[in-house]
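The opening residue of the sequence shown carries number 1 in the UniProt record's numbering; numbering runs sequentially from there.
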Amino acid sequence: MFKLCNGLRLPHSIPIPYFRRSTSTALHFYQNRQLDLHAAKEAKRLTLRQLVYFGRHMNEERLITSANYVRTELPVRIAHRLRDLQALPYVVVTQEGVAKVYELYWSAFNKFRQYPPIKTLEENEEFCKFISTLLQEHAPVIPNLSLGLSLSSHYLPPDELDAFMRRMLISRISRRVLAEHHLALSKSFSDRGKDTTGEPHVGIIFTGLNIKRSVEHCAKLLVESRLWFADISTDGEPPWQPEIQIDGHIDTAFSYIREHLEYIIFELLKNAMSAIYAKHMPKTSPPPIQVTIVAGKNDVAIRISDQGGGLSHAQTPISTPSDLFSFSHVRNATRLEDSRIGALRNASQSQEGLRATVAEQLGSWEKARKQETVDLSAAPSQILHPRIGIGLPMSNIFATYFGGTLQLVSLDGWGTDVYLRLPKLGTNLEGIEL
Ligand code: COI
1 MFKLCNGLRL PHSIPIPYFR RSTSTALHFY QNRQLDLHAA KEAKRLTLRQ LVYFGRHMNE
61 ERLITSANYV RTELPVRIAH RLRDLQALPY VVVTQEGVAK VYELYWSAFN KFRQYPPIKT
121 LEENEEFCKF ISTLLQEHAP VIPNLSLGLS LSSHYLPPDE LDAFMRRMLI SRISRRVLAE
181 HHLALSKSFS DRGKDTTGEP HVGIIFTGLN IKRSVEHCAK LLVESRLWFA DISTDGEPPW
241 QPEIQIDGHI DTAFSYIREH LEYIIFELLK NAMSAIYAKH MPKTSPPPIQ VTIVAGKNDV
301 AIRISDQGGG LSHAQTPIST PSDLFSFSHV RNATRLEDSR IGALRNASQS QEGLRATVAE
361 QLGSWEKARK QETVDLSAAP SQILHPRIGI GLPMSNIFAT YFGGTLQLVS LDGWGTDVYL
421 RLPKLGTNLE GIEL
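Below you can see the structure in the form of structure tokens.
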């Protein structure tokens, strides 16, 4: 059911875009019946270990099974979220960006449910092209959703808003993992023997992911791109580059999705670097960032400690560290800042808007680097969404997807410690909600 702002409800059998076009033909009712059928099914959640195990000894039959799993599972997961969108108050549905997300999901849902079963490798190739196109088309989902829900911040209680965003984002991560894993498995299968990634992996899961190497990779990208500095200053060149010291169990390696780990580390290091700059600007040698890696029995832990003054020193103080994960302006006032809404609008408008934002960002880096080029091909995906202010909430969602945690502890006046724990056995089910 749609909830209208005055408490009235619309029958849930009328999807939003169709309601707007004020048509209610049998076809639309039929389409909603399809939505009902799919939304009534439970998602078949997987563990990281299952993804690795299934993908390890790939053959034609397994690849076709994987394709058909993606074909039938994604519309179920999308249907759950379409239902979620339909249950939003109407005043939220009408905010900029929300209808766009609804339409993208509705269209993807219909395409998936009508996609015929895949029986051959040639059909799988077509299916891979189909998924790749959809993955690209859905690139502006996060800025659109973030824009719409930020603007709705006045109309939804913070708990409700954050729970909704969490369901939407974790489900999106899960769908993209399934789609990208299948694409990677298909590519490895067709490239047999010609794999050039150099690191052991099954699909998108790296089976010997070395944490220290990921920290160094993210640090290098941040330093070379100056992104940590561009976020807080327009001056071009930072006076110094922050130093990062790594200690603990520095040889720790585990099976994980590298993109997820590096998204989180990139974000945490960026925040630490910016905080140190804000507190120690004039100093020629500011205190280093300490990264400690610990391999526990069931999980790996990474602590990132900075001496950037802690959260009370931040430009917009918040009342508790976990408020930084909130999408609601009630908990985190930055959500409705003009510069952030502007960046979201830019990124959300279209693929072109997104590309322009990236181009602008790259342009300023290029200038700052005096024409040297930074290789961003291996950068975590948030460089595609610069300055839209969702890096920390997204990091929290990435951390919890397979049952990990992310905690911030502020030592006010001194610095911040961030604790990231990720399960290393791969036995937790995906943390998506129905
Ligand atoms: C998304 O990115 O939101 C998706 O659902 C991806 C999927 C359509 C392949």
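Ideal Cβ placement from N, Cα and C applies to all residues, glycine included.
Owing to the predicted nature of the structure, the values given are computational and were not obtained by experimental measurement.
Residue i classed as buried or exposed, judged by whether at least 16 other C-beta atoms fall within 10 angstroms
i, result
"residue 284", "exposed"
"residue 219", "buried"
"residue 25", "At residue 25, the pLDDT of 42 sits below 50, so the modelled position is not reliable and the matter cannot be decided from this model."
"residue 120", "exposed"
"residue 199", "exposed"
"residue 343", "buried"
"residue 117", "exposed"
"residue 59", "exposed"
"residue 442", "As shown, the chain starts at 1 and ends at 434. That puts residue 442 outside it, with no answer to give."
"residue 331", "buried"
"residue 333", "exposed"
"residue 101", "buried"
"residue 208", "exposed"
"residue 181", "buried"
"residue 296", "exposed"
"residue 416", "buried"
"residue 255", "buried"
"residue 67", "buried"
"residue 80", "buried"
"residue 395", "buried"
"residue 413", "exposed"
"residue 410", "buried"
"residue 157", "exposed"
"residue 239", "exposed"
"residue 162", "buried"
"residue 132", "exposed"
"residue 146", "buried"
"residue 21", "Bear in mind that a pLDDT of 42 at residue 21, under 50, signals an unreliable position, so the number given afterwards is only what the model happens to contain. Per the 10 Å Cβ criterion, exposed."
"residue 298", "exposed"
Contacts around residue i, its chain only, beta-carbon distance under 7 angstroms, and the 5 residues preceding and following it disregarded
i, result
"residue 75", "38, 109, 112, 113"
"residue 178", "70, 73, 74"
"residue 232", "274, 277, 278"
"residue 436", "Since the displayed the chain opens at 1 and closes at 434, residue 436 lies outside it and no answer follows."
"residue 212", "246, 250, 293"
"residue 435", "Absent from the structure is residue 435, since the part of the chain shown begins at 1 and ends at 434."
"residue 41", "76"
"residue 45", "429, 430, 432"
"residue 34", "113"
Residue range of the unbroken alpha helix (DSSP H) whose run includes residue i
i, result
"residue 84", "60–86"
"residue 118", "It is not in any alpha helix (DSSP H) - residue 118 carries neither H nor E in the DSSP assignment."
"residue 156", "Run containing residue 156: none; DSSP gives neither H nor E here."
"residue 43", "Here residue 43 belongs to no alpha helix (DSSP H), and DSSP marks it neither H nor E."
"residue 394", "391–401"
"residue 241", "Premise fails: residue 241 is in no alpha helix (DSSP H) and is neither H nor E."
"residue 344", "338–349"
"residue 230", "227–230"
6 angstroms Cβ shell around residue i - same chain, five flanking residues per side excluded
i, result
"residue 55", "185, 202, 203"
"residue 77", "43, 171, 175"
"residue 261", "214"
"residue 375", "For residue 375, the predicted model reports a pLDDT of 47, less than 50, meaning its position is unreliable; a value from the coordinates is still stated below. Excluding positions up to five away in sequence, the list is empty."
"residue 352", "Residue placement at residue 352 is poorly supported in this model, since its pLDDT is 49, which falls under 50; the coordinates still yield a value, given next. Around residue 352: no qualifying Cβ."
"residue 360", "Legend: pLDDT at residue 360 = 48, less than 50; position of this residue unreliable, value from coordinates given subsequently. Closer than 6 angstroms at the Cβ level, and outside the excluded window around residue 360, lies no residue."
Where the beta strand (DSSP E) containing residue i begins and where it ends
i, result
"residue 207", "205–210"
"residue 410", "405–411"
"residue 244", "244–248"
Same chain only: Cβ atoms within 8 angstroms of residue i, ignoring 5 sequence neighbours per side
i, result
"residue 289", "242, 243, 244, 245, 269, 272, 273, 276, 304, 305, 306"
"residue 7", "For residue 7, the predicted structure reports a pLDDT of 35, less than 50, and the residue's modelled location is therefore unreliable. The matter cannot be settled from this model."
Bridge partner(s) assigned by DSSP for residue i
i, result
"residue 256", "206"
"residue 53", "Partner(s): none; residue 53 has no beta bridge."
"residue 423", "299"
"residue 36", "Partner(s): none; residue 36 has no beta bridge."
"residue 415", "411"
"residue 304", "291, 418"
"residue 429", "47"
"residue 201", "206"
### Query
Do the stretch 44–60 and the stretch 82–91 meet, that is, are 3 or more Cβ pairs less than 8 angstroms apart?
no
### Message
For the structure I just gave you, are there three or more beta carbon pairs, one from the stretch 334–350 and one from the stretch 142–156, closer than 8 angstroms?
### Response
yes
### Query
Is the stretch 426–433 close to the stretch 401–414, with three or more CB pairs under 8 angstroms?
yes
### Sufficient close CB pairs (3 or more, under 8 angstroms) joining the stretch 404–414 to the stretch 146–164
no
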